[in-house]
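All residue numbers in the sequence shown are consecutive under the UniProt record's numbering, ending with 240.
Data block below; observations after.
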Amino acid sequence: MTTDLPGWGQLDVGDNSRSGFDIEMMNWLASQVGFKPNYVDVTLSERETALAGGPEERRVHIVAAAYSMTDSRRKNVTFVGPYMITRQGIMVREGDSRIKTVSDLKGKTVCTGTGTTSLEQLKSSGVDMTIIDEPGLNACAQRLLDGETIDAVSTDQLILAGMAQTAPERLHVIPDLTFGGQERYGLGLPLGDVEDCKILTEELQNFMNKGYWAQFFKLRFPELDPDEHKPNAFELDRCA
1 MTTDLPGWGQ
11 LDVGDNSRSG
21 FDIEMMNWLA
31 SQVGFKPNYV
41 DVTLSERETA
51 LAGGPEERRV
61 HIVAAAYSMT
71 DSRRKNVTFV
81 GPYMITRQGI
91 MVREGDSRIK
101 TVSDLKGKTV
111 CTGTGTTSLE
121 QLKSSGVDMT
131 IIDEPGLNAC
141 AQRLLDGETI
151 DAVSTDQLIL
161 AGMAQTAPER
171 LHVIPDLTFG
181 GQERYGLGLP
191 LGDVEDCKIL
201 TEELQNFMNK
211 GYWAQFFKLR
221 FPELDPDEHK
231 PNAFELDRCA
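Spelled out as structure tokens, the structure:
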């Protein structure tokens, strides 16, 4: 699990409690399948390596961390999902109106996460910008808050929405500005773990169909339209 993604997976070091959509979803799935989750901290860039190796070597059995399902990642990971849909967006300091389109990033300095699809999409955007990547997106947001020499943070819109909630008077997600391909979040399993994939897929469908998905989405993103982000529970990827 991530520790620094508000709205998704955040660790409060004061009381060692975790919160976010991914946490609440995993707690629900664990209660249905019948296991007690032991949460392990991972950064965005560690998600695949945490699943690598044999049963005695890998750090985790499941990754639930706003994890986009891509063809390149499927070479190393078995995915369950998708359970969320989003696209890439831009966050700036409140009051900064210089960026209205992707082309406005020309000449700007943009921060994003190391090893993410967002980094890949920024590099392939064709816009001449300076890109800084950080192991954790929280560091990008802090750079923006501290007034350091970055102009924007770019990652998935839903991740930005969670980050902006921590300082709504100082951070602003640009509405209706999206680019790149659709991001589909899934649970990551060790490559070839078809048995657990089938079990979790069935329970994930129940999670989405019985109102729990809507309940947790409203809790974490009350101002967003759930219909724009909820996949069809009957069209989850097949386990193979």
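Every residue gets a Cβ at the ideal spot worked out from N, C-alpha and C, and that includes glycine.
Sequence-distant residues of its chain with Cβ nearer than 6 Å to residue i (five each side left out)
{"i": "Thr116", "result": "Leu44"}
{"i": "Thr130", "result": "Thr109"}
{"i": "Gln10", "result": "Ser19 and Gly20"}
{"i": "Gln205", "result": "Ala233"}
Those residues which DSSP pairs with residue i across a bridge
{"i": "Pro190", "result": "Val77"}
{"i": "Phe179", "result": "Gln88"}
{"i": "Asp128", "result": "DSSP lists no partner for Asp128."}
{"i": "Cys111", "result": "Ile132 and Val153"}
{"i": "Arg93", "result": "Leu171"}
Cα-Cα separation between residue i and residue j, rounded to whole angstroms
{"i": "Gln165", "j": "Val42", "result": "22 Å"}
{"i": "Arg93", "j": "Gly113", "result": "18 Å"}
{"i": "Ile159", "j": "Ala65", "result": "11 Å"}
{"i": "Ile174", "j": "Arg47", "result": "28 Å"}
{"i": "Asn76", "j": "Glu183", "result": "18 Å"}
{"i": "Leu5", "j": "Leu137", "result": "7 Å"}
{"i": "Ser68", "j": "Tyr185", "result": "4 Å"}
{"i": "Pro226", "j": "Met91", "result": "20 Å"}
{"i": "Glu195", "j": "Gln215", "result": "28 Å"}
{"i": "Ser72", "j": "Glu120", "result": "12 Å"}
{"i": "Gly107", "j": "Lys123", "result": "14 Å"}
{"i": "Glu57", "j": "Ser97", "result": "49 Å"}
{"i": "Gly211", "j": "Met26", "result": "15 Å"}
Residues of its chain near residue i, where Cβ-Cβ distance is below 8 Å and the 5 sequence neighbours each way are ignored
{"i": "Thr178", "result": "Arg87, Gln88, Gly89 and Gln157"}
{"i": "Lys218", "result": "Pro226"}
{"i": "Arg125", "result": "Note on residue identity: the sequence assigns Ser, not Arg, to residue 125. Here the set comprises Val102, Leu105, Phe179 and Gly180."}
Neighbourhood of residue i by C-beta distance below 7 Å, restricted to the same chain and skipping five residues each side
{"i": "Ala167", "result": "Leu145"}
{"i": "Glu235", "result": "none"}
{"i": "Leu161", "result": "A quick correction: the sequence has Ala, not Leu, at residue 161. Taken in chain order, the residues that qualify are Gly7, Val173, Phe221 and Leu224."}
{"i": "Glu169", "result": "Glu94"}
{"i": "Thr149", "result": "Thr109"}
{"i": "Ile23", "result": "Met1 and Gly9"}
Top-ranked residue by Cα proximity to residue i, from the options
{"i": "Asn209", "options": "Val194, Gly188, Ala233 and Gly192", "result": "Ala233"}
{"i": "Asp237", "options": "Asp4, Met84 and Phe79", "result": "Phe79"}
{"i": "Asp151", "options": "Arg59, Ile99 and Phe217", "result": "Ile99"}
{"i": "Ser17", "options": "Val40, Gly34 and Phe35", "result": "Val40"}
{"i": "Pro82", "options": "Leu200, Glu134 and Asp15", "result": "Leu200"}
{"i": "residue 242", "options": "Phe217, Pro190 and Lys218", "result": "Since the first residue of the chain shown is 1 and the last is 240, residue 242 is not available in this structure."}
{"i": "Phe207", "options": "Asp193, Pro231 and Glu134", "result": "Pro231"}
{"i": "Ile62", "options": "Pro37, Gly180 and Ser154", "result": "Pro37"}
{"i": "Leu171", "options": "Leu187, Ser154, Gly181 and Gly180", "result": "Ser154"}
{"i": "Cys111", "options": "Asp96, Ala139 and Ile85", "result": "Ala139"}
{"i": "Cys239", "options": "Gln142, Gly192 and Ile132", "result": "Gly192"}
{"i": "Arg74", "options": "Leu51, Val127, Asp128 and Val13", "result": "Leu51"}
{"i": "Asp176", "options": "Met84, Thr3, Trp28 and Glu228", "result": "Glu228"}
{"i": "Glu203", "options": "Asp133, Trp28, Met84 and Asp128", "result": "Trp28"}
{"i": "Trp213", "options": "Glu134, Asp128, Met84 and Ser31", "result": "Met84"}
Q. Could you give the uninterrupted runs of the alpha helix (DSSP H) lying entirely in the segment 190–231, keeping only those of 4 residues or more?
A. Counting whole runs of 4 or more residues, the segment 190–231 contains the alpha helix (DSSP H) stretches 194–209 and 212–220.
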